[in-house]
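Chemist: Protein chains in written order, with our numbering: chain P, 737 to 1001; chain W, 1087 to 1570; chain C, 26 to 473.
Ideal Cβ positions, reconstructed from N, Cα and C, are used throughout, including at glycine.
Before I ask anything, let me first share the structure, which is written out below as structure tokens.
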Amino acid sequence: MNDMSRTETGVNLTDIKIAARKVQVHYGANHAIKDVDVDINDRMVTAFIGPSGCGKSTFLRCLNRMNDTIPVCRVEGEIRLDGDDIYDRRVDPVQLRAKVGMVFQKPNPFPKSIYDNVAYGPRIHGLTRSRAELDEVVETSLRRAALWGEVKDRLAAPGTGLSGGQQQRLCIARAVATSPEVLLMDEPCSALDPIATAQVEELIDELRSRFAVVIVTHSMQQAARVSQNTAFFHLGNLVEFGETSQVFTNPKDPRTESYITGRIG
Amino acid sequence: MSIGLLVIVIVLIAAAGFLAGRARARRASEGDTRALHSLVGFHGQAVFLFTAVPALLLIAVWLLVQPAVIAERVTGLLASERSEGALNLALGDVHRVAAGLDRLVAQGDLSEAAVAGLSVEGTDLRRTLGTAGVAVAGRVRGEVLTAAREYRRLTHLSARAMTIAAIALALAGLGFSLARITVEFRARNVSERFVLMLFIGSSLIAVMTTFGIVASLLVESIHFFSLYPARDFFFNLTWNPQFGGGSSLGIWPLLWGTLYISFVALLFAVPVGLLSAVYLSEYATRRMRAFVKPAIEVLAGIPTIVYGLFALVTVGPFLRDFFAQPMGLGTSSSSVMTAGLVMGIMLIPFVSSLSDDIINAVPQSLRDGSYGLGATQSETVKQVILPAALPGIVGAILLAASRAIGETMIVVMGAGAAARMSVNPFEAMTTITVKIVSQLTGDTEFASPETLVAFALGMALFVFTLMLNIVALYVVRRYREQYE
Amino acid sequence: MTDAAFPPARPRGGSLLEPDARTLRRNAAEARFRLYGVTAIAIAMIALMILLISILSHGTSAFRQTFLHLPIALDEAVLDPSGTRDPAALRKVTTIGYGRLIDRALGEAIAASGITVEGLGKSDISRMVSRQAAATVRSAVLADPALIGTTQEFRILASSRIDGYMKGRVTQDSAARDSNVSPAQLHLADALRAQGLLGTSFNWRFITDPDASELRPEAAGLGIAILGSAYMMIVVLALSLPIGVAASIYLEEFAPRNRFTDLIEVNISNLAAVPSIVFGILGLAIFINFAGLPQSAPVVGGLVLTLMTLPRIIIPARAAIKAVPPSIRDAALGVGASKMQTVFHHVLPLATPGILTGLIIGLGQALGETAPLLLIGMVAFVRDYPEGLPGGLFDPASALPVQIYNWTQRADPAFAERASGAIIVLLIFLLAMNAAAIVVRRRFERRW
Chain P
737 MNDMSRTETG VNLTDIKIAA RKVQVHYGAN HAIKDVDVDI NDRMVTAFIG
787 PSGCGKSTFL RCLNRMNDTI PVCRVEGEIR LDGDDIYDRR VDPVQLRAKV
837 GMVFQKPNPF PKSIYDNVAY GPRIHGLTRS RAELDEVVET SLRRAALWGE
887 VKDRLAAPGT GLSGGQQQRL CIARAVATSP EVLLMDEPCS ALDPIATAQV
937 EELIDELRSR FAVVIVTHSM QQAARVSQNT AFFHLGNLVE FGETSQVFTN
987 PKDPRTESYI TGRIG
Chain W
1087 MSIGLLVIVI VLIAAAGFLA GRARARRASE GDTRALHSLV GFHGQAVFLF
1137 TAVPALLLIA VWLLVQPAVI AERVTGLLAS ERSEGALNLA LGDVHRVAAG
1187 LDRLVAQGDL SEAAVAGLSV EGTDLRRTLG TAGVAVAGRV RGEVLTAARE
1237 YRRLTHLSAR AMTIAAIALA LAGLGFSLAR ITVEFRARNV SERFVLMLFI
1287 GSSLIAVMTT FGIVASLLVE SIHFFSLYPA RDFFFNLTWN PQFGGGSSLG
1337 IWPLLWGTLY ISFVALLFAV PVGLLSAVYL SEYATRRMRA FVKPAIEVLA
1387 GIPTIVYGLF ALVTVGPFLR DFFAQPMGLG TSSSSVMTAG LVMGIMLIPF
1437 VSSLSDDIIN AVPQSLRDGS YGLGATQSET VKQVILPAAL PGIVGAILLA
1487 ASRAIGETMI VVMGAGAAAR MSVNPFEAMT TITVKIVSQL TGDTEFASPE
1537 TLVAFALGMA LFVFTLMLNI VALYVVRRYR EQYE
Chain C
26 MTDAAFPPAR PRGGSLLEPD ARTLRRNAAE ARFRLYGVTA IAIAMIALMI
76 LLISILSHGT SAFRQTFLHL PIALDEAVLD PSGTRDPAAL RKVTTIGYGR
126 LIDRALGEAI AASGITVEGL GKSDISRMVS RQAAATVRSA VLADPALIGT
176 TQEFRILASS RIDGYMKGRV TQDSAARDSN VSPAQLHLAD ALRAQGLLGT
226 SFNWRFITDP DASELRPEAA GLGIAILGSA YMMIVVLALS LPIGVAASIY
276 LEEFAPRNRF TDLIEVNISN LAAVPSIVFG ILGLAIFINF AGLPQSAPVV
326 GGLVLTLMTL PRIIIPARAA IKAVPPSIRD AALGVGASKM QTVFHHVLPL
376 ATPGILTGLI IGLGQALGET APLLLIGMVA FVRDYPEGLP GGLFDPASAL
426 PVQIYNWTQR ADPAFAERAS GAIIVLLIFL LAMNAAAIVV RRRFERRW
């Protein structure tokens, strides 16, 4: 079925990386996500916005099955990555997460050296065959995360010794090093100061050239600055999904308008 | 007056003081207790505390110091005893004779006048004392009888003096604190300050305990080293105490046994404990945890004497029959292996609960980071959680090692008594703690090097475990601060 | 799902649905690691099971004891030759005289029931009976001199080897190699049991009687040990509860942060890890040698155990006090209560369950502690019950764990059975205490 659809529609349409249909998430008795349909385009930044507690982070964590680590969490519906249902029984979440990387709200470098932090993913996934190759991956990842210049002389220093902004860029480099196809970012700038935020935003724009990026943010300005598509969540529902410019300038749903103009949220 | 009765009397006086203080405060306020600085209850409380506490403290100190003072006086009467050992024996006789006379008087078999009239020649004192259930070795010498009489006199005198002093002090406190009660008197502040002092005193007991341990170990160790050369103790490779003197008391065979057994125990307990902790905190379902964790805690609650018996009746014979004898490694059921294995079982809950705490202190965000990169759970455990928890785990292992080194009953019952330095784990060896017990519970006289060596061994044990504890507690504390 | 619902996909790399070789390898490693964890837990559980089964299987038989039911003729000619029933004269007859009466009674009973056993000597018959039996009969007679001259039915202890045979510890094979028992005696025991003269029944005296000498394991009991342990626990409770709570309150609520407080805290955490035997040395040096308190006395044991237990009580008590939220203190201070009133009216009641749980667990540890008690002379052989409180605190007594140790050091295997039985008693006490701790925690558990 998938093969057929691929050949039929070919490459002329926009590249849809992840397609989610009728996704429901339950936390025990709490129905956290209701009937969400979203398409994530490849090589674009998609922003999830909405007031806190609206389920945007929960939905993000469904996309690489991070919710599996929470025992009471139950996910229903379908999420397809390149046409494969990621909740299929045959899918190994470990393999999935190698393709769908994640950056968290709070920078969480491992208590290891900067080098080992970045090399962690390539090592566990066996992406490199020699030390020289690994060195190269570490360097390109750090360069891509715009951190190389600051840390190239102290790769053996502990990652926990960096500043907050540097730590978050290290975590991005760490995620990039496994060469994922999708990068999920859960409020990556919420713990950072404005200067570090600007650096990370710039970085996100560059990453777009290689991956699909999904970013959860509580800042509408940030969503407007970095994203091409925007999804607005409210109380577990996806209220509106469309091109960022359209959502911000001409929202179809009154709730979106209220949120954007600051009446709710 | 017996001590129990005396304590009750003082508490009663204080209780009366409480009521009196309350009534006096009420009277001072002329019926309007709002005029008082403090509630009437505080006035009563202040009187109670000032009455009871000093008197009770006096009794405690008196009881602690009295025997030493009396012994000092009685020793003067035992002039003929030259050596310290003989003096100690004679003092023991004095105590026994005095106790026997007390009992005879209490039973009404002997009047006080008759005691004064007793002489060594006239009656068979030993037989008389025997009827009171007091056994005295050999004939009672005149000197001892005189000393015993003096001992009784002083003891009774002291008891009477203590009773009078304690009651007097209680009444003085009562009068003083009652006299202080006025409308302005800040009874709440005073009694709270008093209670705070008691609190401080209570927390000082820990310091005093440490001081007591160090002092008693140090004094008797110095005593030991004055009788036996320190060089031999620390460098001699044989342990062979003799009754008649000429012992070699080298610590090395004991140290070797201690470390060997502890090593075997840790070799067993650390992997088992650590892996159980990892499994319980990272993998186990809630149901499994609810069952396994209490079961492991049961192991922790079992007294070491039970483990000792387990080593003696089950593990020892099993290891001997199925391992040591078929392999030709020995025929002893008590061995390094027996004690080490059982001690290992004892340490499992210790290692696992400490590791559990430490692993749980690793923040969830690190786990998320690792899973988010596509690591499996075991990769996360091995490459992120355990390295992050390493300092804490090292601390836990050091604490477990300190427990193993200081453990007594398991080695007393499972390791054997032979001091030897061998590498065969199926041979019986002995440890520092075993020898402390055997040297101090034996029949040798107290002042001999064979007995006093126990204090030097205790000192070595204390210093050794203290260093381990301090390092371990420091490491664990630093580790916790890192993630707080 | 229809095609329209799912937009076309453009795969890069392999499909997620087919795990690659490396993932399979990694999953195998994962499974192995899980297996290690399960194995570790299994080892711990199996060790616990073997430990408990070993103790229970060795010890339960200690609660049953073999008795002989014999009519014994209390011959006046032996027991009261003068015929005056004068207590002093009656006392003069030793257990040897009573022993003869028992031997005679047993011989008659055997003859009366027509039992014949090959190779049974006269001494074999008398050694069927415990050495304790004569004392039992003697004290019954001294208590009631009117019994003299009558024939009374007595329940007397059989000797430990016969008891062992009834419980399967002694067999015909082992008896052939044992100088203390002959196979003929065992045959006789079988015959007596068939006649109903010999049988086992529940042995209360194991729990109530004092210890007995090396030669009469069948008479040894735990009475003094249980009483001694109880006395020590009273001392520990009376001292460590107030002192421990006071110290915890001071350190948690009042102590300023300075070097002196640090010193106290470091001391407490170190004392909690000092080997227990060191406390025994402390007790020997300070309480016995310096202060001259009597050896083997529960008061000394109680003091030593108090010092040992205090840090182990203070640590959980402090945690319980710390767990009381500061908002409650602020509320009390806000209405003008003094700091001390806040502590006593609000903090302490809320921390009580935590403090009590720690206290009970600490007491449990103290109850099972052996090593320090060995050094302060609690190993001594004690036959006389200590007096009532408080004077009894200064009388010699034993303690449960020490009594267990004591019995393991004796040669007769019958004592090993009693040691295991005593452990069951000890574990029952500990179980009860821990159950109490759980009840306290459940009952007063509070969430904020």
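1) Any beta-carbon of chain P closer than 8 Å to the one on S1441/W?
2) With a threshold of 8 Å between beta carbons, is H861/P in contact with chain W?
3) For V1201/W, which residues from the same chain have a beta carbon less than 6 Å from its beta carbon, with the 5 sequence-adjacent residues on both sides left out?
4) Of the residues L296/C, F315/C, F227/C, K364/C, which one's Cα is nearest the Cα of A280/C?
5) Is the number of C-beta pairs between the region 313–326 of chain C and the region 1490–1508 of chain W that are closer than 8 Å three or more?
6) Expressed to the nearest angstrom, what Euclidean distance is found between the alpha-carbon atoms of Y1569/W and L883/P?
7) Just how far apart, CA to CA, sit P235/C and D409/C?
8) Within 10 angstroms of the Cβ of K888/P, are there 16 or more other Cβ atoms? Answer buried if so, exposed if not.
9) Can you list, in chain order, the residues of the region 834–846 of chain P whose Cβ is nearer than 9 Å to any Cβ on chain W?
10) For R37/C, does the count of other Cβ atoms within 10 angstroms reach 16, so buried, or fall short, so exposed?
11) The beta strand (DSSP E) with V949/P in it runs from where to where?
12) List the residues of chain C whose Cβ lies closer than 9 Å to the Cβ of T1371/W, in chain order.
13) Which residues, in order along the region 367–382 of chain C, keep a beta-carbon less than 7 Å from a beta-carbon of chain W?
14) Would you give the residue range spanned by the alpha helix (DSSP H) that A1027/W belongs to?
15) Quick one: list the residues of chain P neighbouring L1480/W, beta-carbon separation under 7 Å, in chain order.
16) Looking at the structure shown, is N965/P part of a helix, part of a strand, or coil, going by DSSP?
17) Comparing alpha-carbon positions, which option in G1500/W, I1145/W, G1259/W lies nearest A1106/W?
18) Output the boundary residues of the alpha helix (DSSP H) element that contains H831/P.
19) Are any of the Cβ atoms in chain W nearer than 8 Å to that of V830/P?
20) Could you name the residues of chain W that R59/C contacts, counting a contact when the two beta carbons are closer than 9 Å?
21) Residues of the region 83–96 of chain C with a CB closer than 7 Å to any CB of chain W: list them in chain order, please.
22) Residue range of the beta strand (DSSP E) that I1089/W falls in?
23) Kindly indicate if chain W contains any beta-carbon less than 8 Å away from that of F315/C.
24) Round the Cβ separation of L126/C and V103/C to the nearest angstrom and send it over; I've been treating them as touching at under 8 Å.
25) Would you tell me roughly how many angstroms separate the C-alpha atoms of V325/C and S899/P, rounded to the nearest one?
26) Using the C-alpha atoms, what's the distance from R230/C back to P374/C?
27) Measure how close the beta-carbons of N1555/W and A200/C come, nearest whole angstrom, since I'm counting them as under 8 Å.
28) Would you mind working out which of R337/C, D111/C, E143/C, G248/C sits nearest A1292/W, comparing C-alpha positions?
29) Per DSSP, what kind of secondary structure is N738/P in: helix, strand or coil?
30) For a contact defined as C-beta to C-beta under 7 Å, what are the partners of L817/P on chain C?
31) Is there a Cβ from chain P that is less than 8 Å from the Cβ of F1565/W?
32) Check each candidate in G857/P, Q902/P, V836/P, N777/P and name the one with the smallest Cα separation from K842/P.
33) So which of V1557/W, L1204/W, G1430/W has the shortest CA-CA distance to L68/C?
34) Tell me, please, whether the region 836–850 of chain P touches the region 911–919 of chain P by the rule of three or more beta-carbon pairs shorter than 8 Å.
35) Among the residues of its own chain, which have a CB less than 8 Å from the CB of F1409/W, if the five just before and after it don't count?
36) Please report whether the beta-carbon of P323/C lies at a distance below 8 Å from any beta-carbon of chain P.
Modeler: Well, looking at it:
1) Here residue 1441/W corresponds to residue number 355 of the second sequence, with the count starting at 1. Not one chain P Cβ lies under 8 Å of S1441/W.
2) Your numbering for residue 861/P matches position 125 in the first sequence. It does: the Cβ of H861/P has a partner Cβ on chain W nearer than 8 Å.
3) Counting from 1 along the second sequence, the entry for residue 1201/W is found at position 115. Same-chain partners within the cutoff: L1187.
4) Residue numbering aside, residue 280/C sits at position 255 when the third sequence is read from its first letter. Checked all of L296/C, F315/C, F227/C, K364/C; the closest Cα to A280/C is K364/C.
5) no
6) Locating residue 1569/W in the second sequence gives position 483, where the first residue counts as 1. Locating residue 883/P in the first sequence gives position 147, where the first residue counts as 1. Looking at the two C-alpha atoms, the distance is approximately 25 Å.
7) Within the third sequence, the letter at position 210 stands for residue 235/C. Within the third sequence, the letter at position 384 stands for residue 409/C. Cα to Cα, the separation comes out at about 7 Å.
8) Residue 888/P sits at position 152 when you count from the first residue of the first sequence. Label assigned to K888/P: exposed.
9) A834, K835, V836, G837, M838, V839, F840, Q841, K842, P843, N844, P845, F846
10) As a working mapping, residue 37/C is identified with position 12 in the third sequence. Below a pLDDT of 50, predicted positions are generally treated as unreliable, and R37/C, at 49, falls in that range; the measurement from the model is reported next regardless. Burial call: exposed.
11) Numbered from its first residue, the first sequence carries residue 949/P at position 213. Counting along the chain, the unbroken beta strand (DSSP E) around V949/P starts and ends at 948–952.
12) Here residue 1371/W refers to the residue found at position 285 when the second sequence is read from its first residue. Within chain C, no residue comes near T1371/W; the closest Cβ sits about 12 Å away, beyond 9 Å.
13) none
14) Because residue 1027/W is not part of the residues shown, which for chain W are 1087 to 1570, the question remains open.
15) Here residue 1480/W is taken as the residue at index 394 of the second sequence, counted from 1. For the record, residue 1480/W in the displayed sequence is Val; it is not Leu. Within 7 Å Cβ-Cβ: nothing; V1480/W doesn't reach chain P, min ~14 Å.
16) As a first step, residue 965/P is located in the first sequence; it is residue number 229 there, counting from the start. N965/P falls in the strand class under three-state DSSP.
17) Locating residue 1106/W in the second sequence gives position 20, counting from the first residue. Comparing Cα positions, the closest option is G1259/W.
18) Position 95 of the first sequence, counted from the first residue, corresponds to residue 831/P. Residue identity check: residue 831/P is Gln in the sequence provided, not His. 829–835 is the span of the alpha helix (DSSP H), which, as asked, contains Q831/P.
19) Taking the first residue of the first sequence as 1, we reach residue 830/P at position 94. Output row for V830/P: interface = yes.
20) The residue labelled residue 59/C in the question sits at position 34 within the third sequence. Y1365, Y1369, Q1463, S1464, listed in chain order.
21) H83
22) Translated into positions along the second sequence, residue 1089/W becomes position 3. Bounds of any beta strand (DSSP E) do not take in I1089/W; it lies within the alpha helix (DSSP H) bounded by 1089–1114.
23) The residue you call residue 315/C lines up with position 290 of the third sequence. It does; some Cβ of chain W falls within 8 Å.
24) Here residue 126/C refers to the residue found at position 101 of the third sequence. Here residue 103/C refers to the residue found at position 78 of the third sequence. Correct: roughly 6 Å between the Cβ atoms.
25) As a first step, residue 325/C is located in the third sequence; it is residue number 300 there, counting from the start. As a first step, residue 899/P is located in the first sequence; it is residue number 163 there, counting from the start. If I take the Cα positions, the gap works out to 59 Å.
26) Translated into positions along the third sequence, residue 374/C becomes position 349. Translated into positions along the third sequence, residue 230/C becomes position 205. Spanning the two alpha carbons is a distance of roughly 43 Å.
27) The residue given as residue 1555/W occupies position 469 in the second sequence. The residue given as residue 200/C occupies position 175 in the third sequence. About 53 Å; that fails the 8 Å criterion.
28) The residue you call residue 1292/W lines up with position 206 of the second sequence. Of the candidates R337/C, D111/C, E143/C, G248/C, the one whose C-alpha sits nearest the C-alpha of A1292/W is R337/C.
29) Residue 738/P sits at position 2 when you count from the first residue of the first sequence. Here the model assigns N738/P a pLDDT of 43, short of 50, so the residue's position is not dependable, and the following value carries that caveat. N738/P falls in the helix class under three-state DSSP.
30) In the first sequence, the residue the question calls residue 817/P occupies position 81. Simply L41.
31) Looking up residue 1565/W in the second sequence gives position 479. Sequence inspection shows Tyr at residue 1565/W; the Phe mentioned does not correspond to that position. No, Y1565/W does not count as interfacial toward chain P.
32) Within the first sequence, numbered from 1, the residue matching residue 842/P stands at position 106. Comparing Cα positions, the closest option is Q902/P.
33) Sequence index remark: in the third sequence, residue 68/C carries index 43 (1-based). Looking at the sequence provided, one finds Ile at residue 68/C rather than Leu. Looking at the Cα atoms, G1430/W is the closest of the given residues.
34) yes
35) Taking the first residue of the second sequence as 1, we reach residue 1409/W at position 323. The answer, listed in chain order, is L1415, M1423, F1512.
36) Residue 323/C sits at position 298 when you count from the first residue of the third sequence. Not closer than 8 Å to any Cβ of chain P, the Cβ of P323/C fails to qualify, so no.
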